[in-house]
Amino acid sequence: MTTITLDKQHWLNTSHFLKIHEGKLIFWDYKSHCQFELSVPHLLRLIDFSTGSTVRDTILDREINQAGVLTDHSANSAWKWDWLAHIFHYGTCHPLPPAIGLTDQIAFDYTKSYTDFCESISDREPEVELIKGGLQINLPKPDLESFHSLSLWEVLAKRRTCRDFDGSAISLTDVSDLLFVAFGDQRAPDPTIPPNVKTYGFRRTSPSAGGLQCTEPYLWAINVEGLPTGIYHYLSRQHKLEIVTEGPPPHPIGTYLCNQQWANDLAFAIFMTCRMEKMWWKYPHSRAYRPMLMDVGHLSQTLNLCITSKHLHPWMTGYFHDSEIAELLQCTPELEHPILMVGAGHGSGSSLSRESRELFTSSFVER
Ligand SMILES: Cc1cc2nc3c(=O)[nH]c(=O)nc-3n(C[C@H](O)[C@H](O)[C@H](O)COP(=O)(O)O)c2cc1C
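For the sequence shown, the working numbering assigns the number 10 to the initial residue and increments by one for each residue that follows.
Put into structure tokens, the structure is as follows:
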């Protein structure tokens, strides 16, 4: 906390917001993770401090001082995003300095408190598997040999975001293989874990925050041989699809992706949602929003590489109309949200859409 000298000018820190909640006015200092209930006189005094004011020897000023919300310098920030991003970024930073001198005892204490915590929440486990209830469809048995034609390095070097697809079909076998390698349950328990230790969830080929597998995959089949156009949920543990929406959605996919219209020529798209209920079961603090995004990022890269390995072209986006996509996927409001989409198809492999190439060519000619 800053030491305040009376009768000197001080400013209100910028890392706060005000929230009206259940008849109370709450001052939330999101860097220190402290919340205070404000009275109207507190509020008026804080407004004074927002442009700089002298700290006086009054009960009100002493309370404000003790709350640690004043600084001895006026705000001069290099931050260029808006306050919402500031709240998210600083509000999800770790508020405490590191514990120096990690001894064996501290390491043991950490492990013990972690296992005690896991035990304490074990009676509230969210369902591991999301089953939406639609008609289930068996998928072809995965053909893992089909990923052997290129080495890992060749796949890494070849992966490139494509924005020029030709709309041609992809086989259901290819889609099924991709779903399995990126999202399927790999059923490979860690042999070093003693049998009496209860584990939660399942494993995929990508790492997952807390081992929760909070990411759910949805297939939008646009042109997949042997699979009617529509939206399906992939049952990761059973390697099956379940129907979410039969038939094409009301608009082409590009319309939902903020008019990135080259997406209409994809053969399929996989939307990844996060089941928030899993995340906030194990990680009640908002910092968990970060690993939630990273979880999807890891799966996306795995999928991008697997698509490339099959000599198909990938394209991805996080830019879409969230509510409309959530509605198409029939996500339970508040509990599950779409985060990212990875699509694939055949095409030229160009990173420029046909429209961009046309535009660049004509402006080149004009010059
Ligand atoms: C999180 C994320 C979001 C992205 N969103 C879009 C997008 O909305 N539209 C798009 O055309 N490309 C998107 N991309 C693809 C990037 O533009 C692309 O990866 C980048 O230009 C580098 O090209 P490369 O993937 O071929 O290496 C996204 C990539 C990432 C990782």
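Built from N, CA and C at the ideal position, the CB exists for glycine as well.
Can you tell which of the options has the C-alpha that lies nearest to the C-alpha of residue i?
i: Leu-55; options: Gly-77, Ser-41 and His-42; result: Gly-77
i: Leu-79; options: Gln-114, Gly-110 and His-25; result: His-25
i: Glu-134; options: Met-288, Val-305 and Gly-354; result: Met-288
i: Arg-196; options: Ser-180, Arg-213, Leu-181 and Thr-208; result: Arg-213
i: Val-233; options: Ala-276, Gly-327 and Ile-73; result: Ala-276
i: Phe-45; options: Gln-75, Pro-200, Gln-18 and Asp-66; result: Gln-75
i: Lys-28; options: Asn-22, Leu-21 and Phe-36; result: Phe-36
i: Thr-208; options: Asp-199, Thr-341 and Pro-106; result: Asp-199
i: Pro-216; options: Pro-149, Leu-308 and Ile-231; result: Leu-308
i: Pro-237; options: Glu-225, Tyr-227, Glu-333 and Gly-256; result: Gly-256
i: Pro-149; options: Glu-345, Asp-183 and Lys-17; result: Asp-183
i: Phe-126; options: Trp-290, Phe-329 and Pro-259; result: Trp-290
i: Thr-317; options: Tyr-328, Ser-129 and Cys-171; result: Cys-171
i: Cys-340; options: Asn-147, Thr-224 and Ile-68; result: Thr-224
i: Gly-327; options: Tyr-39, Met-281 and Ser-245; result: Met-281
i: Asp-38; options: Ala-94, Gln-18 and Tyr-99; result: Tyr-99
i: Val-305; options: Pro-226, Gly-263, Gly-110 and Leu-337; result: Pro-226
i: Glu-138; options: Phe-211, His-294 and His-30; result: Phe-211
i: Pro-259; options: Glu-31, Ile-130 and Ile-334; result: Ile-334
i: His-82; options: His-19, Gly-142, Glu-128 and Gly-143; result: His-19
i: Ser-325; options: Ser-360, Glu-343 and Glu-345; result: Rather than Ser, the amino acid found at residue 325 in this sequence is Met. It is Ser-360.
i: Thr-254; options: Ser-129, Leu-337 and Ser-357; result: Leu-337
i: Ala-395; options: Tyr-298, Ser-129, Thr-112 and Tyr-243; result: The question about residue 395 has no answer, for the chain in this structure spans 10 to 376.
Determine which residues share a DSSP beta bridge with residue i and list them.
i: Thr-80; result: Trp-20
i: Asp-38; result: His-25 and Cys-43
i: Glu-128; result: Glu-128 pairs with nothing; no bridge assigned.
i: Ser-62; result: His-19
i: His-30; result: Lys-33
i: Ile-179; result: Val-233
i: Trp-324; result: Gly-352
i: Thr-254; result: Ile-240
i: Tyr-227; result: His-242 and Phe-280
i: Pro-347; result: Thr-282
i: Gln-145; result: Glu-251
i: Phe-174; result: Gly-356
How big is the Cα-Cα spacing for residue i and residue j?
i: Ser-41; j: Leu-15; result: 23 Å
i: Asp-70; j: Val-64; result: 6 Å
i: Tyr-265; j: Ile-279; result: 14 Å
i: Met-10; j: Leu-349; result: Caution applies to Met-10, whose pLDDT of 48 falls short of 50 and renders its modelled position unreliable; the value that the coordinates give is listed next. The alpha-carbon atoms of Met-10 and Leu-349 are separated by roughly 40 Å.
i: Phe-58; j: Ala-166; result: 56 Å
i: Ile-252; j: Val-351; result: 19 Å
i: Phe-174; j: Phe-369; result: 18 Å
i: Gln-145; j: Tyr-123; result: 38 Å
i: Pro-323; j: Asp-118; result: 46 Å
i: Thr-101; j: Gly-235; result: 46 Å
i: Pro-151; j: Ile-179; result: 15 Å
i: Asp-331; j: Pro-347; result: 7 Å
i: Asn-205; j: Asp-194; result: 22 Å
i: Pro-106; j: Glu-136; result: 35 Å
i: Lys-319; j: Trp-229; result: 19 Å
i: Pro-261; j: Ile-231; result: 9 Å
i: Phe-97; j: Pro-104; result: 13 Å
i: His-248; j: Glu-364; result: 38 Å
i: Ile-73; j: Ser-62; result: 12 Å
i: Ala-353; j: Ser-245; result: 19 Å
i: Cys-43; j: Ile-140; result: 39 Å
i: Gly-239; j: Ala-191; result: 21 Å
i: Asn-147; j: Pro-203; result: 34 Å
i: Ile-109; j: Ile-115; result: 10 Å
i: Pro-2; j: Ile-130; result: The requested residue 2 does not occur in the structure, where the chain is confined to residues 10 to 376.
Any beta-carbon of chain C closer than 8 Å to the one on residue i?
i: Tyr-119; result: No chain C appears in the structure shown, which is made up of a single protein chain.
Cβ-heavy atom distance between residue i and ligand 1 below 7 Å?
i: Tyr-328; result: yes
i: Met-288; result: no
i: Gln-270; result: no
i: Thr-238; result: no
i: Ser-359; result: no
i: Met-325; result: yes
i: Thr-282; result: no
i: Arg-296; result: no
i: Thr-170; result: yes
Is residue i near ligand 3 - that is, is its Cβ less than 7 Å away from at least one heavy atom of it?
i: Met-303; result: Although ligand 3 was asked about, the structure shown includes only ligand 1 as ligands.
#### Entry: Touching by the beta-carbon criterion (3+ pairs, under 8 Å), the stretch 307-321 and the stretch 180-187
yes
### Message
Does the stretch 281-297 come into contact with the stretch 152-163, if we say contact requires no fewer than three beta-carbon pairs (one atom in each stretch) closer than 8 Å?
### Response
no
### Message
Is it the case that the stretch 81-90 contacts the stretch 44-51, given that we only count it when at least three CB pairs across the two stretches are under 8 Å?
### Response
no
### Query
So does the stretch 211-228 actually touch the stretch 269-276, counting three or more Cβ pairs closer than 8 Å?
no
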